[in-house]
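One structure is given below, encoded as C-alpha cells.
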Amino acid sequence: MTTAPRDDHATPGNEVPGAPGALGAPEPPGPPGTRPRRGRAARPRRARAADPAWARPALIALLVLTGALYLYNLSASGYANSFYSAAVQAGSESWKAFFFGSSDAANSITVDKPPAALWPMALSVRLFGLGSWQILVPEVLMGVAAVAVLHAAVRRRFGAAAGLIAGAVLALTPVAALMFRFNNPDALLALLTTVAVYCVLRAVEGARTGWLVAAGVAVGFAFLTKTLQAFLVLPPLALVYAVCAPAPVRRRIGQLALAGLALIVSGGWWVAIVELWPASSRPYIGGSQNNSFLELTFGYNGLGRINGNETGSVGGGGAGGGGAGGSRWGETGIGRMFGDSVGGQISWLLPAALILLVAGLVLTRRAGRTDSARAAFLVWGGALVTTLVVFSFMAGIFHEYYTVALAPYIAALIGMGITVLWEERARPAARAVLAGAVAVTAVWAWVLLGRTPDFVPWLRWAVLVGGLVAVLGLLSAGRLGHRLALGAAGLGLAASLAGPVAYTLTTLGTGHQGSLVVAGPASARGGPGGGPGGGTGARGGPSAEGGLAAGGGMMPPGAAGGQGQGPGRGPGQGQGQGQGQAPGQGQGQGPRQGMDQGRGQGQGGQPGGGQGRRAGGEGPGGGGQAGGLLNGPEVGSAVVSRLTENASAYTWAAAAVGSQNAASYQLATELPVMPIGGFNGSDPSPTLAQFQQYAADGEIHWFIDGGEGGGARGRGPGGDSSGEIREWVAANFTKVTVGGTTLYDLTSPQ
Numbered sequence: 001m002t003t004a005p006r007d008d009h010a011t012p013g014n015e016v017p018g019a020p021g022a023l024g025a026p027e028p029p030g031p032p033g034t035r036p037r038r039g040r041a042a043r044p045r046r047a048r049a050a051d052p053a054w055a056r057p058a059l060i061a062l063l064v065l066t067g068a069l070y071l072y073n074l075s076a077s078g079y080a081n082s083f084y085s086a087a088v089q090a091g092s093e094s095w096k097a098f099f100f101g102s103s104d105a106a107n108s109i110t111v112d113k114p115p116a117a118l119w120p121m122a123l124s125v126r127l128f129g130l131g132s133w134q135i136l137v138p139e140v141l142m143g144v145a146a147v148a149v150l151h152a153a154v155r156r157r158f159g160a161a162a163g164l165i166a167g168a169v170l171a172l173t174p175v176a177a178l179m180f181r182f183n184n185p186d187a188l189l190a191l192l193t194t195v196a197v198y199c200v201l202r203a204v205e206g207a208r209t210g211w212l213v214a215a216g217v218a219v220g221f222a223f224l225t226k227t228l229q230a231f232l233v234l235p236p237l238a239l240v241y242a243v244c245a246p247a248p249v250r251r252r253i254g255q256l257a258l259a260g261l262a263l264i265v266s267g268g269w270w271v272a273i274v275e276l277w278p279a280s281s282r283p284y285i286g287g288s289q290n291n292s293f294l295e296l297t298f299g300y301n302g303l304g305r306i307n308g309n310e311t312g313s314v315g316g317g318g319a320g321g322g323g324a325g326g327s328r329w330g331e332t333g334i335g336r337m338f339g340d341s342v343g344g345q346i347s348w349l350l351p352a353a354l355i356l357l358v359a360g361l362v363l364t365r366r367a368g369r370t371d372s373a374r375a376a377f378l379v380w381g382g383a384l385v386t387t388l389v390v391f392s393f394m395a396g397i398f399h400e401y402y403t404v405a406l407a408p409y410i411a412a413l414i415g416m417g418i419t420v421l422w423e424e425r426a427r428p429a430a431r432a433v434l435a436g437a438v439a440v441t442a443v444w445a446w447v448l449l450g451r452t453p454d455f456v457p458w459l460r461w462a463v464l465v466g467g468l469v470a471v472l473g474l475l476s477a478g479r480l481g482h483r484l485a486l487g488a489a490g491l492g493l494a495a496s497l498a499g500p501v502a503y504t505l506t507t508l509g510t511g512h513q514g515s516l517v518v519a520g521p522a523s524a525r526g527g528p529g530g531g532p533g534g535g536t537g538a539r540g541g542p543s544a545e546g547g548l549a550a551g552g553g554m555m556p557p558g559a560a561g562g563q564g565q566g567p568g569r570g571p572g573q574g575q576g577q578g579q580g581q582a583p584g585q586g587q588g589q590g591p592r593q594g595m596d597q598g599r600g601q602g603q604g605g606q607p608g609g610g611q612g613r614r615a616g617g618e619g620p621g622g623g624g625q626a627g628g629l630l631n632g633p634e635v636g637s638a639v640v641s642r643l644t645e646n647a648s649a650y651t652w653a654a655a656a657v658g659s660q661n662a663a664s665y666q667l668a669t670e671l672p673v674m675p676i677g678g679f680n681g682s683d684p685s686p687t688l689a690q691f692q693q694y695a696a697d698g699e700i701h702w703f704i705d706g707g708e709g710g711g712a713r714g715r716g717p718g719g720d721s722s723g724e725i726r727e728w729v730a731a732n733f734t735k736v737t738v739g740g741t742t743l744y745d746l747t748s749p750q
C-alpha cells in the first residue's frame, strides 16, 4: 500500500501512486518558469478550491457548536478553582500582582506556576468585573481556538473531512470539555502545544524559518504556562524538523538554533526579570522553599514530578513511595492511562490512535525524506508517545485532568488515520486495519462504560453492537456500494464517539469546583469518571491544580472522589478510610489518630461541604467549614461584614493558612487576604518573625483560624512556619467567633 488521501494539490479522483498528493509522492513544483530559491525547497501551493463546498460551513458549524456546548451551564462552576480565581482577582486590581501571578493584590506570595494562564482571565476581570463568566469565558475561547488550530493543521495535508473529524474528537473528549471550561493552566497549555505542532508542520512544508521561530515562541509561552511540561513536545518537533525539512543540513541546524533562541527569549524574559528583581520588593515565589522560581521549576514543578521528590509537598520532600509500580499518587506504568482513575477521561480513542499511527507510518514507509504526510504522523505521534510515557511513569504529583495534553494528539491521529485508510479501502489490508481500530474502540468503550453501570446502562451494549456491525460493513466495503460503505464508516465513527460524547454531555451539565476535578458521571470504582480512590485509596496531589493528602486517611468527607479506602499517613500519623461520591451527596469517615475524628456530608461532591465533629468538642471537621487543600470554605455574610470593616486601613484584611482558605475570603470580600504557607501551607512565607512584624506594624487586621485541617498539610524542610504562626496568634490575640468562623483580631492582644 503506497497511496493515501490526496494533498491539496491533487485533483479529486486522481490519487494514484506517485501522483502529486499521494503519500510518498514528491511535492509538486512551483509555477512554470520559476525556480526555488537557492538552498530552499519550493513552497507547495495551496489549492483551496479543491475543498468541497461543505467544508467551510461545516468548520463554522463545528466551531459554533463547540463554543455553545462549552458555554452551556458555565456559571455552575462558580469560581471553579478558587486558588487561581483569587490570583485573577488580585491581578485585576494590581498590575504588580498581574505580572508576578500573586495570590493577593498586596503581593505576599505567588501561585506555584508562572502567570501566563492567569493573564487572559485577569484582563477579562479587569475589563468586565469579577464573576464566573468573566473568569471562565477566556478558557472556553481557548478551547474553540484549539479546535480551530487542530482542524487547520490536519486539513492542510489530509483534507477537510480529516480536519473536521480531528476537531470534533478534540471538542468531545471528556477531559477537554472539562478543562476548557475550568481555570487551571492546562487549557492554555493544550492550545499552545497544538499551535507549536501546527507551526512546525507549516515549517516542514518549505523549510520556512518564520514558522519554526513561531513554534519556538509558542513553546516558550507554554513554559510560562506550566513550566517543564511544555517541553514534552520538544523532542518530536525538533527531531522531525531536523530529519524531514527540505533544506540542507546546515540550514536545518541553523533554523533549529533560531527557534531555540526564540523559545529562550519568549519563555525566559519573565524568568530573568523575576530572578533579578530584589526579593524584598516582590512576592514570595509560591511552591519554592528558597524563594526562587528556578528552584520551583526544576524541583517541585520539574524533576519532583518525575521522581516524587517534591520538597514542600504533603509529607515533605521524600520519594514518591508506594512500592514497585506505584507512587503515593497512584499506580504507575503503561496501564495508568487505562485504569479506573484515568480511563474515562482520555483513553476512549487512545488504542485506536496508536493503531492508526502505526498504519500511517507503514503507508508512508517508502516516501521520500521530506514527505509532509509522514512528518505529520511523526510529529503528532511522537508528541503523543512522549507525553504518554512521561504521564504513565511519573512518580510525583499526577492528576487525571493532566491528560488533556494528550487530547489534541489523539484527535489528530484519529482524523489523519481514518482518512488515510479510507482512501486505501480498496485494499483488504487497509479495510482490516480500519475495522480493527473500530473493533478495539467499541470493545474498550464497552469496558469503560461498564465502570459506570448506572450511567445509561443500555449505551455500552449499543456501542458494542453498533461497533461490531460497522466492523462487518468495513470488512466488506470493497464489495458494497459507495453509500453502504460510507454508512458503515459513519456507523463505526458514531459507535466510537458515543461513549466519550455521553461523558462529555454529563460533564457539561455539572458544575466543577475545587482543586481536584474529573469529567464524566460518578463511577462505581472511583468517583466521577473514574476519579481517585478506585482500588488504591483516596489520592491526589497537593498542587495548585489539585490535591489531596496522600492516602485515604487524609481524604476530607464529601470530597469529590468516589469510593476508596487505604492506609494514609498525615499529621498525627493516623490511619483512616475515606468514602465519598460526586456529583450528589458525599459521606466520609476519617479517624486520624492524634488529630481528630470527623464525620460529615458534602453536597454535590464538593470537598468539605459539611460540618463535622472533632474528638473533644464541636468544630470544623475533615476540612468542613475550614476548607483545606481541595477547596475553600463557604463564607457567610456576617464574616464578610466583619472582614470589610475599616479594611482600607490595613494592607491585608486578613490572613489564613493555605491558599485555598485565603482565596475564599478574598473572593468574597475582594480584599487582599494573605495565604500563609502558600497552597500546601508548607512554604516559609511568611516566617513567624515576619508575621509578628506585620502584626506589630498593623498591616493585618484578622487571622482566620481554619482549625487543624485548615490547609497546613505539608511541611517544608525549614520547619512548620504556618503552624508556628497559628499557635502564636492563638496564644496572644483575642478570639472572636462570627457565623461559626473563628477569627483573631490582630489589633487586640490578650
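According to UniProt numbering, the stretch in the sequence shown is residues 1 to 750, in order. Positions of the beta carbon are idealized from the N, C-alpha and C atoms, including for glycine. Just so you know, these numbers come straight off a predicted model, no measurement behind them.
Under DSSP, leucine 743 shares a beta bridge with Ile704, Val736.
Secondary-structure assignment with DSSP links glutamate 424 through no beta bridge to anything. In this structure, threonine 110 keeps its C-beta atom at 8 angstroms or more from the C-beta atom of tyrosine 300. Residue environment: alanine 426 is assigned as exposed (fewer than 16 neighbouring CB atoms within 10 Å of its CB, all protein chains considered). With respect to the C-alpha of glycine 415, the residue from Val64, Leu434, Thr403, His399 having the closest C-alpha is Leu434. If you keep only unbroken alpha helix (DSSP H) runs of at least 4 residues inside the region 237 to 283, you get 249 to 276. Taking a C-beta distance under 8 angstroms as the contact criterion, proline 675 and aspartate 112 do not qualify as a contact pair. Your pair valine 200 and valine 154 does not check out as a contact, with CB atoms roughly 14 angstroms apart and the cut at 8 angstroms. Excluding its 5 nearest sequence neighbours in each direction, asparagine 732 has C-beta neighbours in its own chain below 8 angstroms: Pro749, Gln750, listed in chain order. Within 10 angstroms of the beta-carbon of tryptophan 348 lie 16 or more other beta-carbons, which makes it buried. Between the alpha carbons of alanine 262 and valine 249 lies a distance of about 20 angstroms.
In the structure shown, serine 748 falls within a strand segment according to DSSP collapsed to helix, strand and coil.
In the three-state reduction of the DSSP assignment, threonine 452 falls in the coil class, being assigned neither a helical nor a strand state. Three or more beta-carbon pairs separated by less than 8 angstroms are not found between the region 451 to 460 and the region 472 to 486, which leaves the two stretches without contact. In this structure, DSSP gives serine 288 a state outside helix and strand, which the three-state scheme calls coil.
Under the 8 angstroms Cβ criterion, the region 691 to 700 does not count as touching the region 660 to 669, having fewer than three qualifying pairs. In this structure, the alpha-carbon of arginine 336 lies about 24 angstroms from that of phenylalanine 182. Residue nearest to leucine 480 within the set Ala494, Arg431, Thr441 is Arg431 (criterion: CA-CA distance). When rounded, the separation of the alpha-carbon atoms in isoleucine 410 and leucine 224 is 24 angstroms.
Between the C-alpha atoms of leucine 491 and proline 174 there is a straight-line separation of about 21 angstroms. When the five nearest sequence neighbours on each side are left out, the beta carbons in the same chain lying within less than 8 angstroms of the beta carbon of serine 132 are those of Leu74, Ser75, Ser77, Gly78, Tyr79, Ala80, in order along the chain. Taking the C-beta atoms as reference points, alanine 196 is found nearer than 8 angstroms to alanine 218. Contact between the region 250 to 261 and the region 147 to 163 is not established, with fewer than three Cβ pairs separated by less than 8 angstroms.
A straight-line Cα-Cα distance of about 22 angstroms links arginine 642 and tryptophan 728.
The three-state reading of DSSP puts isoleucine 397 in coil, since its state is none of H, G, I, E or B. Around threonine 747, the same chain offers Gly698, His701 as residues with beta carbons nearer than 8 angstroms, after the five sequence neighbours per side are excluded. Restricting attention to Trp119, Asn107, Ser92, the CA atom closest to the CA of serine 280 is found in Asn107. Annotation for glutamine 89: Val125, Leu130, Gln666, Leu667, Glu670 place their beta carbon closer than 7 angstroms to its own, counting only its chain and skipping 5 residues before and after.
Cα atoms of valine 673 and valine 447: separation of roughly 47 angstroms, rounded to the nearest angstrom. By alpha-carbon distance to glycine 333, the top candidate from Val640, Arg208, Ser392 is Ser392.
Under the three-pair Cβ rule at 8 angstroms, the region 376 to 385 counts as touching the region 350 to 357.
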